[in-house]
Amino acid sequence: MKEKLNYSYYPGCSLHASAGEYDLSTRELFKKLKIGLTEVPDWFCCGATPAHNVDELLSLSLCAKNLELADKVEGDLAVACAACFSRLKTTQNVLSESEVKRKQVEKAIDAPVILDSHVKHLLEILARDLGPERLAQSVNKPLSGLKVACYYGCLLTRPTDVPNLDCVEAPTIMEDVLKAVGAETVAWTHRMECCGANFTLSRPGVVIQLTNAILDSAKAAGADCVMVACPLCHGNLDIRQKEIEGVYSVNYNLPVFYLTQLVGLAVGLGPDKLGLAAMMVNPLPLLKEKGLL
Amino acid sequence: MTQPIDTSIYIAITEAIRDEAKRLLLEGQVSAVIGYAGARRKGSAQPVIISQAEDAAKLIFSPASVNNLALYLTKAKKEIPKNGKIGIVVKGCDLKAIVGLMGESQLKREELYLIGVPCAGVLASTAQPSTGLTAETIAPKCTECNAHLPAGCDYVPNVQLPAPLQLEEKYIAEITRLEALTPVERWAYWKEQFAKCIKCYACRQVCPFCFCEQCLCDRNKPQMVESTPRPAGNTAWHIVRAMHLAGRCAGCAECERVCPMDIPLNLLNRKMAKELKELYAYEAGFEVNDKGPLSTFDEKDDQSFIK
Amino acid sequence: MHSEKQKHSFEPKIIAFVCTWCTYAGADLAGTSRMQYPSNVRVLKFPCTGRIDPVFILKAFQQGADGVLVSGCHPGDCHYIAGNFHARRRFAAFRKLLEFVGVDLNRLQFSWVSAAEGGKWVEVVTDLTEKVRAMGPMAEFKQLALEEQWSGTIGTPELKEAYNAI
Amino acid sequence: MSRIGVFVCHCGENISRTVDVERVAAQVGKLPGVAFATDYKYMCSDPGQNLLKKAIIEQKLSHVVVAACSPRMHERTFRKAVESAGINPFLCEMANIREHCSWVHENREEATVKAIEIVGMMVERVKKNRVLPTITVPVTKRSLVIGGGIAGIQAALDIADCGHEVVLVEREPSIGGHMAQLSETFPTLDCSQCIMTPKMVDVANHPKIKLYSYSEIELVEGYIGNFQVTIRKKARSVDEDKCTGCGLCMEKCPIKKIPSKFDCNLGMRTAIYVPFPQAVPNTPVIDRENCTKFKTGKCGLCQKVCGPGAVDYEQEDRLIVEPVGAIVVATGFDLYTINEKPKGSMIKGYGEFGHGKIPDVIDGMTFERLASASGPTGGKILRPSDGKEPKQIVFIQCIGSRAREKGISYCSKVCCMYTAKHTMLYHHKVHDGQAYVFFMDARTPGKSYDEFWRRSIEEEEAVYIRGMVSRLYQKGDKIVVMGSDIAVGVQVEIEADMVVLATAIQPQKGADTLAQKLGISYDKYNFYSEAHAKLRPVECATAGIYLAGACQGPKDIPDTVSQASAAAAKVMTLFAKDQLEREPIVARVREAGCVGCFYCKKVCPYGAVEEKEIRDRQGNLIRVVAYVNPGVCGGCGTCQATCPSKSVELDGYTDEQIVAMIEAL
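Protein chains in written order, with this note's numbering: chain A, 1 to 293; chain B, 1 to 307; chain C, 1 to 166; chain D, 1 to 665.
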């Protein structure tokens with residue numbers, strides 16, 4: 001096993017905007033776990049989610065260029081956002097299968113396409129590279145008693161043979177991480193459903209319907225909170241929760257944590273280092289109740 | 001300015017080989033060790049087979065250790081004591097031949113003790129054995145080496161191989177040059193090359209893969225390939241030879257080294273290796289394969305050339 | 001009934017190596033259907049394309065063939081399960097070798113012709129004949145065959161020196 | 001020096017119209033080695049053949065070339081004719097100057113020149129022809145049938161009825177296979193047991209059938225006509241000769257809660273058991289893993305109550321060698337399970353359906369057991385979880401089948417029909433219930449099949465929804481089925497009480513291992529490969545081995561039974577003669593040249609190449625060379641083209657013959 005883990009880091013646009021707490025907690029967590037993280041200089045948008053619906057060459061080229069930039073930094077590429085992760089992996093997949101497209105892209109970005117670099121979601125880094133044993137060793141405040149609904153969303157494992165993160169339809173990687181930090185996970189039905197991220201701005205009605213089903217299912221399964229690994233899922237589940245409660249006349253009050261926030265708590269990071277204040281559904285009462293603050 | 005190549009580790013390697021050979025022979029683990037010993041000309045080396053522990057001191061490894069000793073395991077094997085394991089000193093390129101021969105049921109791994117040599121390169125056949133190894137005097141095959149450190153050996157001296165220099169890949173360059181020519185120009189090139197051939201069959205004699213008891217080209221009922229050193233027969237011989245080595249030859253380039261007429265024989269072999277790699281993603285010599293690229297198939301193989 | 005046949009200055013020799021189950025039968029069908037094609041082709045029957053040794057192609061060129069056709073069963077149709085698959089790889093490699101030594105691959109044609117494809121047989125044979133006719137005789141091997149003497153040139157200074165010393 | 005006779009045929013006017021046959025005969029007559037050349041109107045006619053025979057005798061001919069039509073037409077005719085005149089038939093060749101010359105060229109001069117060259121080539125070839133003796137192989141007129149399902153039973157009965165002994169080997173304690181598990185069969189809805197059990201009894205009572213149940217194939221040696229098969233007879237712990245099948249042991253066995261594999265784990269069985277009441281043989285077997293006697297050494301109740309003293313705890317596996325001449329492989333199928341990806345399998349599992357963890361999501365075979373009158377519920381459709389009758393039932397087709405991303409791309413062929421049958425059985429038993437079927441296409445080619453499927457919709461009120469299901473999940477005591485109806489273009493959600501998955505048909509586990517023992521080929525899914533998809537669909541490429549049933553590919557019962565009878569007919573054809581004769585176009589190894597690289601073995605599609613050890617008189621191994629078994633060789637010659645030293649030669653197509661033809665150009 002490698003002793004010192006080192007990664008290049010592609011935060012993606014959301015983490016520099018609406019999901020600042022994800023970025024903050026990721027950096028703090030990695031620092032705490034002594035994992036090297038170097039932000040790719042000069043990175044730019046991966047194009048998710050509109051680009052690939054509009055212009056395939058553009059979407060492939062954006063990712064290919066980012067991959068090329070990342071290749072100049074030592075270590076595998078760590079990605080926080082499920083959509084960025086999906087686009088980068090898809091790009092490698094598509095370009096390794098089509099020589100024609102590869103040549104087009106190479107011409108467009110005026111650089112070679114990097115097909116063999118390892119793009120890794122933060123989950124993979126925690127669950128595989130670091131591993132549950134070493135993660136457990138860093139825990140000083142186990143999240144015992146906290147019942148978490150792990151929400152994968154639609155992009156993290158799909159489609160078959162592209163992300164290769166875990167079993168496509170019944171993954172356990174999030175649960176594996178949470179178990180290592182002492183939390184309880186609930187079995188629930190909607191952990192792989194789509195939250196409608198693509199329609200967040202254009203057709204909020206659809207999003208409210210889809211997101212409500214997810215929150216309803218998590219609540220019904222007895223979860224205290226939801227954990228996500230994607231800023232887009234977070235946007236829908238957290239920011240829209242009040243609105244949904246109003247539309248459906250229900251009361252969920254389910255804090256929606258980022259993966260790095262929960263793991264960060266367990267390894268002893270304080271609320272300020274995890275950006276808990278930025279969450280719309282206030283998690284502090286829950287955490288106090290469970291004795292985690 | 002020619003770039004010198006660091007071969008200082010060869011001294012440590014020589015020591016290590018001697019110690020290991022001595023130990024093996026003393027313990028009776030092997031009946032003989034095939035290696036290199038110094039020869040008469042200054043700096044030169046020649047193959048040697050030792051069966052006594054005290055002879056271990058004869059063993060050396062130097063830039064003149066050019067021979068592919070795998071040869072002595074097949075055709076010349078009769079000279080080697082048959083009982084028990086045989087130890088052999090192998091460079092990465094030689095090991096590829098041994099790996100190939102295992103896949104062709106000619107050698108058994110358990111009958112060999114492989115003493116692997118980390119190798120920074122050996123001298124070209126045109127260089128004097130006493131000259132130092134430089135970007136100029138290095139054998140062309142070493143410029144394209146991808147097996148400086150032989151894998152899977154029983155023993156490898158614990159030395160740090162200096163980082164290999166980026167050298168001009170001579171065969172690739174020459175293949176690219178020839179491919180760019182017209183068929184007529186290429187024919188003229190090879191016609192001139194093959195015309196030099198004197199049918200001495202040194203290339204066949206030195207090739208670890210030419211292990212047939214009776215060569216197809218020596219048969220006269222029917223005569224498939226003309227055996228006299230006429231241009232027609234020479235051309236046929238070299239085409240048949242390249243075809244028979246396709247998918248098997250891993251590029252030890254011994255054929256080219258021993259050719260008295262300096263025919264670029266390995267060029268044909270490298271061209272075939274390149275094509276088979278492109279067509280079937282096959283590269284000879286890295287693992288013991290039951291089947292090579294031309295003894296198996298995939299239903300989806302390319303057939304764009306077939307009407 | 002038929003128009004006067006055009007006279008050509010050069011009639012190429014075409015040798016076809018075919019498998020008995022598909023292409024030979026396809027050529028028979030062309031006959032029973034009374035299709036017409038140039039008379040330049042000579043057919044050698046093999047049980048299977050798997051039996052066809054690359055040396056035969058070489059030998060055919062050396063014996064004065066101007067064009068060579070190798071034809072067998074379509075993939076999956078082989079009477080012997082997989083002979084044509086083995087042949088496909090063997091010839092994919094061999095044609096690359098011939099190309100590299102300077103044989104114009106327009107003289108060497110491979111095809112799959114099934115027992116039902118009499119028309120395709122006619123088309124393949126006619127195309128190859130016309131193509132080779134346009135290219136003219138295969139001079140390379142014929143010239144080699146005529147060269148009786150050792151015709152090497154002494155290329156390197158070392159050789160020249162050695163030669164002068166004799 | 002050879003004395004070759006050349007006979008040029010006019011073929012009425014078919015040849016002579018464009019080819020100057022007299023000139024051909026005259027020209028060819030001048031070739032060295034040709035002693036006699038003539039032309040004749042119809043060579044294949046009786047007078048023509050007599051002319052040939054007379055010339056052979058009078059002219060003392062050694063070889064013959066008949067220049068006429070295609071050898072595919074008359075090679076047999078002329079070879080027979082020369083044989084009757086005392087020449088080995090393989091010293092006769094045909095030059096094709098009709099299909100390849102007179103019929104395809106109109107210019108008389110060109111055609112004549114071509115004809116002369118074609119005949120010249122054949123003259124050179126025939127000079128190099130060798131006398132080839134007919135190869136005969138003795139035939140052991142007994143056959144082995146592997147698998148005791150409907151395919152194996154049918155093949156065994158057909159062969160045995162013809163008077164030949166059959167050795168039938170079944171892995172399970174009873175024959176019957178999957179068909180014994182089925183409730184009713186499409187498209188006639190007759191009871192499977194009713195048509196199956198009489199056949200099983202016939203097998204048990206047939207004097208020519210030797211049944212090894214609870215046995216497996218250990219080793220197969222030999223070749224067509226002469227196989228030696230080693231069978232492992234697993235320890236049953238009950239002496240088959242003594243047991244009367246009274247069943248007292250099973251009544252008394254205290255371990256009663258073992259899930260029954262035959263009932264798809266819905267019912268329970270004892271530790272000493274027969275899989276189902278009509279089992280053949282009706283001899284129980286002790287499941288040693290679950291038996292108290294074997295686990296702790298205590299109990300022994302079954303032995304105490306057994307009147308004839310048949311229970312034998314000391315019994316061990318036995319190895320039996322049976323010589324047979326032909327083998328029918330009828331190992332059948334297994335159903336794909338939606339559980340997590342098994343190790344080393346290409347199947348990826350159905351996580352979206354809960355990986356098989358929802359109790360009321362069952363497969364088609366489980367439904368058969370529920371619907372079967374002799375099943376664990378006595379034929380009532382009841383949910384496994386709580387025993388309630390499902391009022392809303394969803395059938396989903398193509399689970400695994402036609403799903404490349406799951407690892408299988410083929411169609412399982414029978415699911416459309418059996419799902420239609422299931423909806424009918426359901427409707428017959430649960431009158432107020434509603435069945436839904438999610439399907440991609442309904443594939444119903446077969447006699448009365450489409451009518452049957454239409455009936456399930458039109459009369460039995462099944463609702464067919466064209467579209468696939470994306471997810472299933474448990475919600476309370478319901479299963480929510482989320483799918484799409486692509487005909488209408490809407491998302492569908494059904495709260496079902498039970499879901500039945502039409503899971504894909506796969507070869508039995510271990511099919512590949514058995515294939516390796518038999519030396520037969522199989523595809524990437526482990527289905528066994530037939531020698532020719534169209535013309536030799538029941539034969540393996542390996543001579544003497546035949547295929548029957550679903551081990552070759554998904555099949556329904558009628559197709560399986562037809563193929564089994566076809567395989568039996570092939571076996572009987574083989575057994576019709578005492579000696580197996582075959583064309584001597586086989587490869588032979590020149591041992592002196594062979595260096596044992598075994599490239600020939602690598603490329604041989606028939607597995608005909610063996611490794612032969614050459615030893616000196618003291619028995620020391622000198623070298624290993626290739627040996628081609630003439631009984632198995634198919635005669636393609638791929639070995640020769642591959643052999644670097646040409647130390648293996650295909651008789652009839654030797655390098656000498658071919659080079660002679662090329663040089664004649």
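Ideal placement from N, C-alpha and C gives every residue a C-beta, glycine not left out.
Which chain A residues are close to Tyr473(D), counting only those with a beta carbon under 7 Å from its beta carbon? Thr189
Restricting to Cα atoms, I'd like to know which of Tyr72(B), Phe297(B) and Leu268(B) is closest to Ile335(B). Nothing about residue 335(B) can be read from this structure; chain B reaches only from 1 to 307.
Which word fits Ile622(D), buried or exposed, when buried means at least 16 other C-beta atoms lie within 10 angstroms of its C-beta? exposed
Nonlocal neighbours in the same chain, by C-beta distance under 6 Å from His2(C), ignoring five residues either side: Residue confidence for His2(C) is low, a pLDDT of 44 falling below 50, so the modelled location carries little weight and cannot support an answer.
Can you tell me which of Gly26(C), Leu128(C) and Asn164(C) puts its alpha carbon nearest to the alpha carbon of Gly72(C)? Gly26(C)
Cβ neighbours of Cys207(B) in the same chain (closer than 6 Å, five flanking residues each side left out): Cys255
Would you kindly check if the distance between the Cβ of Val394(D) and the Cβ of Val499(D) is under 8 Å? yes
Expressed to the nearest angstrom, what Euclidean distance is found between the alpha-carbon atoms of Thr366(D) and Asp263(D)? 7 Å
The segment 113-132 of chain A / the segment 148-165 of chain A touching (three or more Cβ pairs under 8 Å): yes
How would you list, in chain order, the residues of chain D whose beta-carbon sits under 8 Å from the beta-carbon of Cys48(C)? Cys636, Gly637 and Thr638
Could you check where the alpha helix (DSSP H) with Gly364(D) kicks off and where it finishes? Gly364 to Ala371
Leu101(B): which of Tyr606(D), Cys597(D), Gly634(D) and Val561(D) sits nearest, CA to CA? Cys597(D)
Can you look up His234(A) in the DSSP assignment and give me helix, strand or coil? helix
Just the Cα atoms here: how many angstroms apart are Cys153(B) and Leu114(B)? 5 Å
Among Gln92(A), Pro159(A), Met174(A) and Pro271(A), nearest to Gly131(A) - alpha-carbon criterion: Met174(A)
Whole-number beta carbon distance between Ala284(B) and Ala250(B), since they are thought to touch under 8 Å: 4 Å
Taking the straight line between their C-alpha atoms, what separation do you get for Ser2(D) and Lys60(D)? 10 Å
If the criterion is Cβ atoms closer than 8 Å, does the pair Met224(B) and Val55(C) meet it? yes
Proximal chain C residues relative to Met661(D), where beta-carbon distance stays under 8 Å: Leu44
Any C-beta of chain B sitting closer than 8 Å to the C-beta of Lys13(C)? no
Do you know whose CA, among Ser59(A), Leu232(A) and Asn251(A), lies nearest Phe257(A)'s CA? Leu232(A)
Interface residues of chain B facing Val41(C) [CB-CB closer than 7 Å]: Near Val41(C) there are no residues of chain B at all, since even the closest Cβ is about 15 Å away, more than 7 Å.
Rounded C-beta distance between Lys120(C) and Ala65(C)? I'm assuming under 8 Å. That belief does not hold up - the Cβ atoms of Lys120(C) and Ala65(C) are roughly 21 Å apart, past 8 Å.
Spell out the partners DSSP gives Tyr316(B) in its beta bridges. Given a span of 1 to 307 for chain B in the structure shown, any question on residue 316(B) remains unanswerable.
Collapsed DSSP secondary structure at Leu58(A) in the structure displayed: helix
Given a cut-off of 8 Å on the beta-carbon distance, is the pair Ser213(D) and Ser237(D) in contact? no
Can you tell me the Cβ-Cβ gap for Gly309(D) and Thr283(D), rounded? I've got them flagged as a contact below 8 Å. Going by Cβ atoms, the distance from Gly309(D) to Thr283(D) rounds to 14 Å, so no, they are not a contact pair.
Cutting at 7 Å between CB atoms, please list the residues of its own chain near Asn106(C), excluding the five before and the five after it. Lys131 and Met135
Cutting at 7 Å between CB atoms, please list the residues of its own chain near Tyr464(D), excluding the five before and the five after it. Val437, Phe439 and Ile457
Should Lys2(A) go down as buried or exposed, given a rule of 16 or more other Cβ atoms within 10 Å for buried? The predicted position of Lys2(A) is uncertain, since its pLDDT is 48 and thus under 50; a value taken from the coordinates is nonetheless stated next. So Lys2(A) counts as exposed.
Which residue from Gly619(D), Asp559(D) and Val167(D) puts its Cα closest to that of Gly147(D)? Val167(D)
Hey, Pro138(D) and Gly225(D): beta-carbon distance below 8 Å or not? yes
Using a Cβ-Cβ distance cut-off of 8 Å, determine whether Glu111(B) contacts chain G. In the structure shown, chain G does not exist; the protein chains are A, B, C and D.
Would you check if the distance between the CB atom of Thr143(B) and the CB atom of Glu168(B) is smaller than 8 Å? yes
Going by Cα to Cα distance, which pick from Thr189(A), Glu68(A) and Ala218(A) is closest to Val480(D)? Thr189(A)
For the ligand COA, is there any heavy atom lying closer than 7 Å to the beta carbon of Val145(D)? Here there are no bound small molecules, and the ligand COA is not part of this structure.
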